[in-house]
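The opening position of the sequence shown corresponds to residue 1 in the UniProt record's numbering, with each subsequent residue numbered one higher. Contents: one structure, followed by commentary.
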Amino acid sequence: MSKAENRGLESLESEIEATRARLADTIDQLAYRASPKTIARREIASLKAVYVAPDGSPRTDNMLKTAGAVVGFVALMVVLRRVTR
1 MSKAENRGLE
11 SLESEIEATR
21 ARLADTIDQL
31 AYRASPKTIA
41 RREIASLKAV
51 YVAPDGSPRT
61 DNMLKTAGAV
71 VGFVALMVVL
81 RRVTR
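In structure tokens, the structure reads:
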């Protein structure tokens with residue numbers, strides 16, 4: 001083998017190793033993002049963002065909307081139950 005071919009093989013081998021390292025890193029990132037604990041933490045954070053302002057104060061407007069929806073749903077269920085009996 002000539003020196004040029006040898007350098008070409010070494011270059012190819014180093015590219016393959018770099019690609020493997022990047023692939024391993026990507027797989028690790030995907031495994032982290034897809035883990036149930038990470039998903040749960042992310043969803044809890046997004047839910048907290050709906051009901052708590054960045055300064056830590058409660059967002060009463062969103063709480064009232066949710067409470068109103070729950071009360072409306074319960075009232076609807078009570079009315080439907082009485083109508084069907």
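All C-beta atoms, glycine included, are put in the ideal place defined by N, C-alpha and C. All figures in this text were calculated on a predicted structure; none of them were measured in a lab.
Just how far apart, CA to CA, sit alanine 21 and alanine 40? Rounded to the nearest angstrom, the gap between the Cα atoms of alanine 21 and alanine 40 is 28 angstroms.
At which residues does the alpha helix (DSSP H) containing serine 46 begin and terminate? Per DSSP, serine 46 belongs to the alpha helix (DSSP H) from 36-51.
Where alanine 61 and valine 83 are concerned, what is the direct C-alpha to C-alpha distance, given to the nearest angstrom? For the sequence presented, residue 61 should be read as aspartate rather than alanine. Approximately 33 angstroms between the Cα atoms of the pair.
On a CA-only basis, which of Thr66, Ser11, Ser35 and Pro36 is nearest valine 50? Give me that one, please. It is Thr66.
Whether arginine 59 touches valine 52 by CB criterion (9 angstroms): A distance below 9 angstroms separates the beta carbons of arginine 59 and valine 52.
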